[in-house]
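>
Number of protein chains: 2
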Amino acid sequence: MRTHYCGQVTETLIDQTVQVAGWVHRRRDHGGVIFIDLRDREGLVQVVVNPDAAENFSKAEKLRAECVLSITGKVIPRTEGTINPNMATGKIEIVAEKLDVLSMAEPIPFQLDEKNVGEETRLKYRYIDLRRDEMQNNLRLRYGITRAMRRYLDDNGFMDMETPILTKSTPEGARDYLVPSRTHPNKFFALPQSPQLFKQLLMMSGFDRYYQITRCFRDEDLRADRQPEFTQLDIETSFMSEEQVMQTMEGLTKTIFKEAIGYEFEGDFPRMTYAEAIEKYGIDRPDLRIDMQLVDIADLLQDIEFKVFAGPAKDPKGRVVALRVPGAGSMSRKEIDEYTKFVGIYGAKGLAYIKVNDMSAGIDGLQSPIIKFFPDQVMQIMERVGAQDGDIVFFGADSAKVVNDAIGALRVKLGEDLGMLEGRFKPVWVVDFPMFEEDEETARMVAIHHPFTQPKATTEEILNHDAPHQMLSRAYDLVINGLEVGGGSVRIHDSKMQAAVFKLLGISDEEAQDKFGFLLDALKYGCPPHAGMAFGLDRLVMILGDIPSIRDVIAFPKTQSAACPLTEAPGMVDNAQLQELLLRFRKPVRSADK
Amino acid sequence: MRTHYCGQVTETLIDQTVQVAGWVHRRRDHGGVIFIDLRDREGLVQVVVNPDAAENFSKAEKLRAECVLSITGKVIPRTEGTINPNMATGKIEIVAEKLDVLSMAEPIPFQLDEKNVGEETRLKYRYIDLRRDEMQNNLRLRYGITRAMRRYLDDNGFMDMETPILTKSTPEGARDYLVPSRTHPNKFFALPQSPQLFKQLLMMSGFDRYYQITRCFRDEDLRADRQPEFTQLDIETSFMSEEQVMQTMEGLTKTIFKEAIGYEFEGDFPRMTYAEAIEKYGIDRPDLRIDMQLVDIADLLQDIEFKVFAGPAKDPKGRVVALRVPGAGSMSRKEIDEYTKFVGIYGAKGLAYIKVNDMSAGIDGLQSPIIKFFPDQVMQIMERVGAQDGDIVFFGADSAKVVNDAIGALRVKLGEDLGMLEGRFKPVWVVDFPMFEEDEETARMVAIHHPFTQPKATTEEILNHDAPHQMLSRAYDLVINGLEVGGGSVRIHDSKMQAAVFKLLGISDEEAQDKFGFLLDALKYGCPPHAGMAFGLDRLVMILGDIPSIRDVIAFPKTQSAACPLTEAPGMVDNAQLQELLLRFRKPVRSADK
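Residue numbers (this note's numbering), protein chains in the order written: chain A, 1 to 594; chain B, 595 to 1188.
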């Protein structure tokens, strides 16, 4: 039904007859002639309908936006004044010889160039929303990324393999989506939170290098950047060290950026230990575009009278830091109040600051209500943070967690607010994660990565460790611009070590056997050393395209209440269907609006 | 942990030191020396452990099959008599200088070369089963096929796009897998039986050419070649006719066969109408490797006394056919009895036959108990089927359905039993399907393909048709060797025509609005003509690899009762989880062993 895409009809086709098909993007009547901008996947082209072609003209008069047409006509050059140098097809137009209306359109609920269309409306009429340039570009970018991924992995000996969607509850810790089994009454499948155990089993099966771009599922209350189903590039390798996995994945990342958006990283990605990231940035996914660091000053303030600083400075679980913000000394009281409110979100009880007016004047050149509490230390602090005239220095003093969360977030917010982002993409590998942390609620040890990650310790050491939270793991995360692109680890490939980790996590032998018996078995029958990684595809598209919302990188996403306004899923089912599953509704025990 | 894959250490590496890693495939002690066949994904290599390397030797003595090793050693040529020309690595061996046991193996539950291991055992220890050559090859073939698909579609302007897994019940007619929603009490997602409506919506969104290799789900009682989750190559295009879609998919098929197994089809795939397929082969997916056809003879037998033939011959819903089997005239009574039993499976009440001893002797040269019932017609029948000396001719007379099913299946069975398969792969496009058929149970019209397929009729004709079962559709199936590889159709792109089809199918306006309201809406806002197709990936792998079981082309399949012996999915869930979903168990109303 066409010889060319609309966006591909250029001046090389002048005097030729072409056939194009697409949507009426705009219709203008001008000087007795009708101009139609016809749109398809590849762009726009201008079609001219002259009144002397009476049948075409009368059809064209009835057209409205988004009607679908087929046009046959001759390509002619545009007259001098009407050339549009910003359009690929801007030098020509097509004189319609034949105009067929393939589909009339009713008036559409919103215009494609309309701003501020509500998200619910956009999702309900997603097939219109997706016609917009922005959404076309986002999904084309997504495809470009997956294609680059596949090419790289195909070329590097990885095999694309599928793992089950109907499977057993996996132990990522989030809530599973459950699927009742009809053939096994009272039993359920779970949708996978990741193919973690299957990919490990594929290594035990000898496939050596596996990849899959696959859907994962978590039934959690949704934050802004989460979806109930999300897509992951999942990777596992045998006989490779973490160093080799990181190099391979770094090569993959560079390939993706180059092929999908033409961006080239310079040199190797820097490495940083978890401890260094927390120390300097308060967070394990530092945004290195911002050239500011948290500086520890607890050692200087342990003995002062001022309890707000001295308390956390003396507490082994406390932390006191300074954050120098270059050139921001002219910040207003109102702005400072707003940042104080901001750090309050993270539990900080206030936000002390010092404005640096004139370093050469010593303490007199500083301006702050708090100087009086540590006059003897203040210049030493200023020197340690490298303060210069015109700076402001913020302070955080609280439990280490609150300080890291609050001042770490403040650092990023200041960086963005003050236009301090340097460079387009700043990657960093974060390594030497702790293996375990204490769950605040249950006071039990939990695995930070997951319980199949290999600790940097022997089985003996795991069983007899007196400070498990100090044990490091062979895990690694790739962070770009402060966002976690992916994470991975060397896995345990020894059943005794796996059992020791389960034991440390307080998982009884019986529970371990029940949930992971097949893994513990498999580890006994010849398991290669193996390591892997997973990249969050949705987030990667967001990073490469600088797209703030996860719902703008997925063709048919769910709302924050995990529903689809387009299809109205989830929906009611017949009682007969429930009956077949041997289920019935329980009377709601909580409010139905939850 | 290695410099080379085991299977890649060849004579070009002689005198070099290499490092390999893999599984102990075999260990032999011979003349005081230990020989290990070490196996990885790429093959086997022979490792020699000499007794003078005492530490290595004592490690090697403890090894059993499937232990995982790392070996560093020098590549040397094998001595004259020990060269194995059938192995890529058969001219060399590696003398172990360093032998590390990466993982000891307990005695494995079955040997890799063991025949007749039960399928339940194979699936329970799938990670061992998958190490077998056969399974490695099957899954590598599967990957080769998907890679060839992607390359071809990428090169032809198709975009890989994802559609939801958590969605609304789709209307393919099979039973849905349901997923209870926690955030929307008493509502359910359904897992997709196919992405049919989403891919149509993507065309309405202007993406023009879409593909996805995606999981689909059907909660049906499993036949031998079915799985609860299966994989489909899903395709949709805009502004293409069925002819263009078929050409594109034919190109895809040729590319797959060539790239995955090096097979080249000659010329274009033949086309056949549904009517012709039924007439000649009794089935809409004819196996053209078998050069036998059903021949209608009802016209000759309407007026004979013999009711068994005359009844169906006179009945408009009956059918009488002859099937000539060349050179099978020496078939024994016992064999014929077995084929009679075979057609009984399909409802045939008997299987009449005539053996052709001597055509030149006329009726006297034929041998059969039934000749006496139509002596005047028998020679005409023999001529019509082209009978020759030494043939046997079978007869079917019953309802058209029974005759088509029984004699169609008999044709294939005879072709296989008698070694009549000609050629390796015989493709055929089947076109001009009927749009509707009557459901035998409900006597309602149902869509043969699906209700979004475009009939070869106008909306007016659909609304006023007095014989809807005679209406053809714009559907097409690709059949290879009697197996349906894929099917597709031109879709309805007009809301009035879609509504007319729903009406003909007895779907009320209210039901249509409830289930497909979003589609009917979408059709009103500018819908391009579109058409598509889906290929069953699992079946395609079975065809290309000549693999009889679907469970041998899937890494982690389910059993026929839809369970996974490896992970023991489906499993029990905590009552708390059910409670969160506001569900409870219903007391089973049928036997629990169902």
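Virtual Cβ for every residue (Gly too), placed ideally from N, Cα, C.
1) Ordered along the chain, which non-local residues of its own chain (more than five positions away) have a Cβ less than 6 Å from that of glutamine 293 of chain A?
2) Is the separation between the beta-carbon of leucine 1012 of chain B and that of alanine 922 of chain B shorter than 8 Å?
3) Roughly how many whole angstroms lie between the Cα atoms of glycine 206 of chain A and leucine 663 of chain B?
4) Going by other Cβ atoms of all chains shown within 10 Å of its Cβ, with 16 needed for buried, is arginine 803 of chain B buried or exposed?
5) Excluding the 5 residues preceding and the 5 following cysteine 527 of chain A in the sequence, name in chain order all residues of the same chain whose CB lies nearer than 7 Å to its CB.
6) Along the region 408 to 433 of chain A, where does the CB come closer than 7 Å to a CB of chain B? Name the residues.
7) Whole angstroms is fine: what's the gap from proline 1049 of chain B's alpha carbon to methionine 1065 of chain B's?
8) Per the DSSP calculation, leucine 917 of chain B is bridged to which residue(s)?
9) Using a Cβ-Cβ cut-off of less than 9 Å, give me the residues of the region 658 to 692 of chain B that come near chain A, in sequence order.
10) Compare the C-alpha of methionine 161 of chain A against each of A:Met359, A:Phe198, A:Leu581 and name the closest.
11) In whole angstroms, what separates the C-alpha of valine 1135 of chain B from that of proline 468 of chain A?
12) When the cut-off is 8 Å and only beta carbons count, does asparagine 186 of chain A lie next to chain B?
13) Can you check whether the CB of arginine 633 of chain B is closer than 8 Å to the CB of tryptophan 617 of chain B?
14) Residues bridged to aspartate 1132 of chain B by DSSP?
15) What residue from B:Lys935, B:Arg883, B:Arg635, B:Gln896 has the CA that sits closest to glutamate 1010 of chain B's CA?
16) Compute the beta-carbon to beta-carbon distance between isoleucine 948 of chain B and valine 987 of chain B, rounded to the nearest angstrom, for a pair I have assumed lies under 8 Å.
17) By the three-class DSSP mapping on this structure, what secondary structure does tyrosine 868 of chain B have?
18) Indicate whether at least one CB of chain B lies closer than 8 Å to the CB of arginine 131 of chain A.
19) What would DSSP say about valine 1147 of chain B, mapped onto helix, strand or coil?
20) Any Cβ of chain A within less than 8 Å of the Cβ of methionine 595 of chain B?
21) Can you give me, in chain order, the residues of the region 1152 to 1171 of chain B that have a beta carbon less than 8 Å from any beta carbon in chain A?
22) Is there at least one Cβ from chain B nearer than 8 Å to cysteine 527 of chain A's Cβ?
23) Please say whether threonine 89 of chain A and glutamine 46 of chain A have beta carbons closer to each other than 8 Å?
24) What's the gap between the Cα of phenylalanine 373 of chain A and the Cα of glycine 311 of chain A?
25) Taking the continuous alpha helix (DSSP H) assigned at serine 1089 of chain B, which residues delimit it?
26) Looking only at its own chain, which residues have a Cβ that is under 7 Å from the Cβ of isoleucine 670 of chain B, when we skip the five neighbours before and after it?
27) What is the residue span of the beta strand (DSSP E) that glycine 751 of chain B lies within?
28) Under 7 Å Cβ-Cβ, which residues of chain A neighbour lysine 762 of chain B?
29) Hey, does phenylalanine 1129 of chain B have any beta-carbon neighbour from chain A nearer than 8 Å?
30) Assign alanine 569 of chain A to one of three DSSP states: helix, strand, or coil.
31) Could you confirm whether any beta carbon from chain B is found closer than 8 Å to the beta carbon of tyrosine 633 of chain A?
32) Between the alpha carbons of asparagine 138 of chain A and asparagine 357 of chain A, how many angstroms are there, rounded?
33) Cβ closer than 9 Å: which chain A residues qualify as neighbours of histidine 1087 of chain B?
34) At least one CB of chain A closer than 8 Å to the CB of valine 641 of chain B: is that the case?
35) Name the DSSP bridge partner or partners of serine 238 of chain A?
36) Rounded C-beta distance between leucine 537 of chain A and leucine 63 of chain A? I'm assuming under 8 Å.
From the atom records:
1) Taking the first sequence and counting its residues from 1, one reaches residue 293 of chain A at position 293. Cβ within range, chain order: Lys280.
2) Here residue 1012 of chain B refers to the residue found at position 418 when the second sequence is read from its first residue. Here residue 922 of chain B refers to the residue found at position 328 when the second sequence is read from its first residue. In terms of Cβ geometry, leucine 1012 of chain B and alanine 922 of chain B form a close pair [threshold 8 Å].
3) Sequence index remark: in the first sequence, residue 206 of chain A carries index 206 (1-based). Sequence index remark: in the second sequence, residue 663 of chain B carries index 69 (1-based). Take the alpha-carbon of glycine 206 of chain A and the one of leucine 663 of chain B: they are about 13 Å apart.
4) Mapped onto the second sequence, residue 803 of chain B falls at position 209. Flag for arginine 803 of chain B reads buried.
5) The residue given as residue 527 of chain A occupies position 527 in the first sequence. Spatial neighbours of cysteine 527 of chain A in its own chain (CB-CB distance under 7 Å, excluding positions within 5 residues in sequence) are listed in chain order as Met204, His493.
6) Sequence-ordered contacts of the region 408 to 433 of chain A with chain B are nonexistent [C-beta pairs closer than 7 Å].
7) As a first step, residue 1049 of chain B is located in the second sequence; it is residue number 455 there, counting from the start. As a first step, residue 1065 of chain B is located in the second sequence; it is residue number 471 there, counting from the start. Roughly 7 Å between the two C-alpha positions.
8) The residue labelled residue 917 of chain B in the question sits at position 323 within the second sequence. Leucine 917 of chain B is bridged to B:Leu888, B:Phe988.
9) Within the region 658 to 692 of chain B, the residues whose Cβ lies closer than 9 Å to any Cβ of chain A are, in chain order, Ala659, Glu660, Cys661, Val662, Ser664.
10) Within the first sequence, the letter at position 161 stands for residue 161 of chain A. From the listed residues A:Met359, A:Phe198, A:Leu581, the smallest Cα separation to methionine 161 of chain A is found for A:Phe198.
11) Counted from its first residue, the second sequence places residue 1135 of chain B at position 541. Counted from its first residue, the first sequence places residue 468 of chain A at position 468. So the alpha carbons of these two residues sit roughly 49 Å apart.
12) Residue 186 of chain A sits at position 186 when you count from the first residue of the first sequence. Contact with chain B is found for asparagine 186 of chain A, since one of that chain's Cβ atoms lies less than 8 Å from the residue's Cβ.
13) As a working mapping, residue 617 of chain B is identified with position 23 in the second sequence. As a working mapping, residue 633 of chain B is identified with position 39 in the second sequence. Inclusion of tryptophan 617 of chain B and arginine 633 of chain B in the CB contact set at 8 Å is warranted, their separation being smaller than that value.
14) Locating residue 1132 of chain B in the second sequence gives position 538, counting from the first residue. Per DSSP, aspartate 1132 of chain B has no beta bridge partner at all.
15) As a working mapping, residue 1010 of chain B is identified with position 416 in the second sequence. Selected option, being the one with the closest Cα: B:Arg883.
16) By 1-based counting over the second sequence, the position of residue 948 of chain B is 354. By 1-based counting over the second sequence, the position of residue 987 of chain B is 393. Contact between isoleucine 948 of chain B and valine 987 of chain B holds, since their C-beta atoms are separated by about 5 Å, short of 8 Å.
17) Here the question's residue 868 of chain B lines up with position 274 in the second sequence. Helix at tyrosine 868 of chain B.
18) Translated into the one-based positions of the first sequence, residue 131 of chain A becomes position 131. Contact with chain B is found for arginine 131 of chain A, since one of that chain's Cβ atoms lies less than 8 Å from the residue's Cβ.
19) Here the question's residue 1147 of chain B lines up with position 553 in the second sequence. Three-state DSSP puts valine 1147 of chain B in coil, outside helix and strand.
20) What you label residue 595 of chain B is simply residue 1 of the second sequence in a count that begins at 1. Chain A places a beta carbon closer than 8 Å to that of methionine 595 of chain B, counting this residue as a contact.
21) Per Cβ criterion, the list reads Lys1152, Ser1155, Ala1156, Ala1157, Cys1158, Leu1160, Thr1161, Glu1162, Ala1163, Pro1164, Gly1165, Met1166, Val1167, Gln1171.
22) As a working note, residue 527 of chain A is residue 527 in the first sequence. With respect to chain B, the C-beta atom of cysteine 527 of chain A has a partner C-beta closer than 8 Å.
23) What you label residue 46 of chain A is simply residue 46 of the first sequence in a count that begins at 1. What you label residue 89 of chain A is simply residue 89 of the first sequence in a count that begins at 1. Yes, these two residues count as a Cβ contact at 8 Å.
24) One-based indexing of the first sequence puts residue 373 of chain A at position 373. One-based indexing of the first sequence puts residue 311 of chain A at position 311. Approximately 13 Å between the Cα atoms of the pair.
25) Reading the second sequence from its first residue, position 495 is the one you call residue 1089 of chain B. That run of the alpha helix (DSSP H) goes 1089 to 1098.
26) Along the second sequence, read from residue 1 onward, the residue named residue 670 of chain B stands at position 76. By the criterion of a C-beta distance shorter than 7 Å, isoleucine 670 of chain B is surrounded in its chain by Ile608, Ile686, Glu687, Val689, once the five residues flanking it on both sides are discounted.
27) The count along the second sequence starts at 1 and reaches residue 751 of chain B at position 157. Run containing glycine 751 of chain B: none; DSSP gives neither H nor E here.
28) For the purposes of this step, residue 762 of chain B is taken as residue 168 along the second sequence, with counting starting at 1. Those are Thr567, Glu568, Ala569, Gly571, listed as they occur along chain A.
29) Working through the second sequence from its first residue, we reach residue 1129 of chain B at position 535. No Cβ of chain A is located within less than 8 Å of the beta carbon of phenylalanine 1129 of chain B.
30) Walking along the first sequence from the start, residue 569 of chain A turns up at place 569. The three-state secondary structure of alanine 569 of chain A, taken from DSSP, is strand.
31) The shown model of chain A, from 1 to 594, leaves out residue 633 of chain A, and the question about it has no answer.
32) As a working mapping, residue 138 of chain A is identified with position 138 in the first sequence. As a working mapping, residue 357 of chain A is identified with position 357 in the first sequence. Cα to Cα, the separation comes out at about 47 Å.
33) Numbered from its first residue, the second sequence carries residue 1087 of chain B at position 493. The answer, in chain order, is Val68, Leu102, Ser103.
34) Here residue 641 of chain B is taken as the residue at index 47 of the second sequence, counted from 1. By this cut-off, valine 641 of chain B is not an interface position.
35) Working through the first sequence from its first residue, we reach residue 238 of chain A at position 238. DSSP, once it has assigned bridges, lists A:His530 as partnering serine 238 of chain A.
36) Counting from 1 along the first sequence, the entry for residue 537 of chain A is found at position 537. Counting from 1 along the first sequence, the entry for residue 63 of chain A is found at position 63. Under the criterion of beta carbons closer than 8 Å, leucine 537 of chain A and leucine 63 of chain A do not qualify as touching, at roughly 39 Å.
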